[in-house]
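Heads up, the thing below is written out as structure tokens.
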Ligand SMILES: C[S@@+](CC[C@H](N)C(=O)[O-])C[C@H]1O[C@@H](n2cnc3c(N)ncnc32)[C@H](O)[C@@H]1O
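Residue numbers (my numbering): 176 to 523.
Set out below in structure tokens:
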């Protein structure tokens, strides 16, 4: 192959020049000896620096295979299986990958998981979703397929660290944008009520991105999630800012200390947050923003319209006036059902 031979002193010049004029062949590695660098080039040209042309052999660059390519290349899946049953997207929680394995591929799940571990050496465990997200604690059971036998992991998001056991607390990396969106809306000196706070994702991200908040109260029912949230509050050095309360948000919010307490209330319990509006509204100051999450119980409905109606009904019952300042689809929950969020400003 044709090679441009340059002394190391001119290496950067040669690289810039050959890249700019698209003379450098991209699929080969460079070769060097004690004095010279050899670049694979497509044709001879007149260099603007001391150099010459010689013949050399260049090793081809090893391209990183995609997950699908690896499964096909190693004959783990047939093209038909790949097209029909394979779910290529997966979540990553620190060192744990979470796959969705269709029943038709169950016998091959170990080989699939091992292929993923080989592709991503930073992963130590591959698990699969074994149930839907369910129950009052909104947990999805995961089953380890291969790798280290632990679902305790450290996950980084929005500049914060979170430790958790994925089978003990709700976890969704797909909400990371939503958490940062809300944190960026928070203003200095706010009192925040982070309801349904799980392992602490919303309050901790908010406190990180808006460190001048006055006080954040995080309420969570699941004792194991609360254990992780307290750990994560410490891990992120936010003990002075975030107060963690374990229990049912409804009676807790009735405490007189929360009357007209909050400048911001976060309600990420999308199937049933509406049942908590009557308890949350008295805790809202005039001007408070409520982030209200909602998943409708039936498909093909206008989720945003339904959510607005639920908020309006609750405001009417509690003699509060409100304005809808923002709404959007957070994620697809199932075919034809979206999770939505409303940002609601209280006017009185
Ligand atoms: C959808 S998860 C959201 C968790 C967290 N905000 C996150 O983003 O990871 C809802 C959480 O609400 C909690 N929860 C359910 N009912 C509750 C209640 N009555 N009071 C307080 N928390 C509750 C569940 O245990 C669960 O952790």
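Quick reminder that beta carbons are idealized off the backbone N, C-alpha and C, glycines included.
Note that the structure is predicted; figures quoted are calculated from it, not measured.
**OP:** Please confirm whether any heavy atom of ligand 1 lies closer than 8 Å to the CB of residue 383.
**Re:** Position 208 of the chain shown, counted from the start, is the residue given in the question as residue 383. Short note on residue 383: C-beta not closer than 8 Å to any heavy atom of ligand 1.
Original post:
So which of 193, 210, 231, 236 has the shortest CA-CA distance to residue 220?
Top reply: Against the chain shown, residue 220 aligns to sequence position 45. Nearest C-alpha to residue 220: 193.
Original post:
What are the start and end residues of the alpha helix (DSSP H) that includes residue 382?
Top reply: In the chain shown, the residue the question calls residue 382 occupies position 207. Run containing residue 382: 376-384, per the alpha helix (DSSP H) assignment.
Original post:
Is any heavy atom in ligand 1 found nearer than 8 Å to the beta carbon of residue 340?
Top reply: Numbered from 1 along the chain shown, position 165 holds the residue referred to as residue 340. Answer for residue 340: no, Cβ out of range of ligand 1.
Subject >> alpha helix (DSSP H) segment containing residue 488, residue limits >> reply: Locating residue 488 in the chain shown gives position 313, counting from the first residue. 478-492 is the extent of the alpha helix (DSSP H) around residue 488.
**OP:** Below 7 Å CB to CB, which residues in the same chain sit around residue 268 once its five sequence neighbours on both sides are set aside?
**Re:** As a first step, residue 268 is located in the chain shown; it is residue number 93 there, counting from the start. So the qualifying residues of the chain are 328, 330, 341, 346, 348.
Original post:
Is the stretch 197-207 close to the stretch 248-263, with three or more CB pairs under 8 Å?
Top reply: As far as the Cβ criterion goes, the stretch 197-207 does not touch the stretch 248-263, which means the pair count is below three.
Original post:
Any heavy atom of ligand 1 within a distance shorter than 8 Å of the CB on residue 182?
Top reply: Here residue 182 is taken as the residue at index 7 of the chain shown, counted from 1. Placement of the Cβ of residue 182 at a distance of 8 Å or more from every heavy atom of ligand 1 is found.
Original post:
Which runs of the beta strand (DSSP E) fall wholly inside the stretch 188-264 and span at least 3 residues, in chain order?
Top reply: Runs found: 211-215, 227-230.
Subject >> Minimum length 3: unbroken beta strand (DSSP E) runs contained in the stretch 294-341 >> reply: Runs found: 300-304, 317-322, 327-332, 335-340.
Original post:
Between the stretch 427-444 and the stretch 397-417, do three or more beta carbon pairs fall short of 8 Å?
Top reply: In short, these stretches do not touch, since the Cβ pair count stays below three.
Original post:
Helix, strand or coil: which one does DSSP assign to residue 413?
Top reply: Translated into the one-based positions of the chain shown, residue 413 becomes position 238. For residue 413, the three-state secondary structure derived from DSSP is coil.
Subject >> Cβ-based neighbour list, residue 389, same chain, cut-off 7 Å, excluding 5 preceding and 5 following >> reply: Reading the chain shown from its first residue, position 214 is the one you call residue 389. Setting aside the 5 residues that flank it on each side, residue 389 is surrounded in the same chain by 364, 365, 366, each with a C-beta closer than 7 Å to its C-beta; the list follows chain order.
Subject >> Three-state secondary structure assigned by DSSP to residue 421 >> reply: Within the chain shown, the letter at position 246 stands for residue 421. In the structure shown, residue 421 adopts extended strand secondary structure according to DSSP, grouped into three states.
Original post:
With respect to 8 Å, is the separation between the Cβ of residue 313 and the closest non-hydrogen atom of ligand 1 below this value?
Top reply: Locating residue 313 in the chain shown gives position 138, counting from the first residue. Within the chosen limit of 8 Å, ligand 1 reaches the beta carbon of residue 313 through at least one heavy atom.
Original post:
Taking three-plus beta-carbon pairs below 8 Å as touching, is the stretch 455-467 in contact with the stretch 509-519?
Top reply: Between the stretch 455-467 and the stretch 509-519, the count of Cβ pairs shorter than 8 Å is three or higher; the stretches touch.
Subject >> Length of the line joining the Cα atoms of residue 488 and residue 351 >> reply: Counting from 1 along the chain shown, the entry for residue 488 is found at position 313. Counting from 1 along the chain shown, the entry for residue 351 is found at position 176. Looking at the two C-alpha atoms, the distance is approximately 30 Å.
Original post:
Apart from the five residues just before and just after residue 275, which ones in its own chain have a Cβ nearer than 6 Å to its Cβ?
Top reply: For the purposes of this step, residue 275 is taken as the residue at position 100 of the chain shown. Closer than 6 Å at the Cβ level, and outside the excluded window around residue 275, lie 262, 304.
Original post:
CA-CA distance, residue 492 and residue 459?
Top reply: Position 317 of the chain shown, counted from the start, is the residue given in the question as residue 492. Position 284 of the chain shown, counted from the start, is the residue given in the question as residue 459. If I take the Cα positions, the gap works out to 14 Å.
Original post:
residue 509 lies in the alpha helix (DSSP H); which residues open and close that run?
Top reply: By one-based count along the chain shown, residue 509 stands at place 334. For residue 509, no alpha helix (DSSP H) encloses it; the enclosing beta strand (DSSP E) starts and ends at 497-509.
Original post:
Cβ of residue 354 within 8 Å of any heavy atom in ligand 1?
Top reply: Your numbering for residue 354 matches position 179 in the chain shown. Under cutoff, so the answer is yes.
Subject >> Residues that DSSP places opposite residue 518 in a beta bridge >> reply: Along the chain shown, one-based indexing puts residue 518 at 343. DSSP lists 466, 501 as partners of residue 518.
Original post:
Quick one: is residue 183 buried, meaning 16 or more other Cβ sit within 10 Å of its Cβ, or exposed?
Top reply: Translated into the one-based positions of the chain shown, residue 183 becomes position 8. Answer is exposed; the Cβ neighbour count stays below 16.
**OP:** Measure from the alpha carbon of residue 210 to the alpha carbon of each residue in 223, 190, 185, then state which is nearest.
**Re:** Taking the chain shown and counting its residues from 1, one reaches residue 210 at position 35. The residue from 223, 190, 185 with its alpha-carbon nearest to that of residue 210 is 185.
**OP:** Please find out if some non-hydrogen atom of ligand 1 comes closer than 8 Å to the beta-carbon of residue 494.
**Re:** Taking the first residue of the chain shown as position 1, residue 494 is located at position 319. Ligand 1 never approaches residue 494 closely enough for any of its heavy atoms to be under 8 Å from the residue's Cβ.
**OP:** Compare the Cα-Cα distances from residue 477 to each of 445, 449, 450, 512 and report the closest residue.
**Re:** The count along the chain shown starts at 1 and reaches residue 477 at position 302. Per the Cα distances, 512.
Subject >> Classification of residue 500 by the beta-carbon crowding that lies within 10 angstroms, buried from 16 upward >> reply: On the chain shown, position 325 is the one that residue 500 refers to. Classification of residue 500: exposed, given that the 10 Å Cβ count is below 16.
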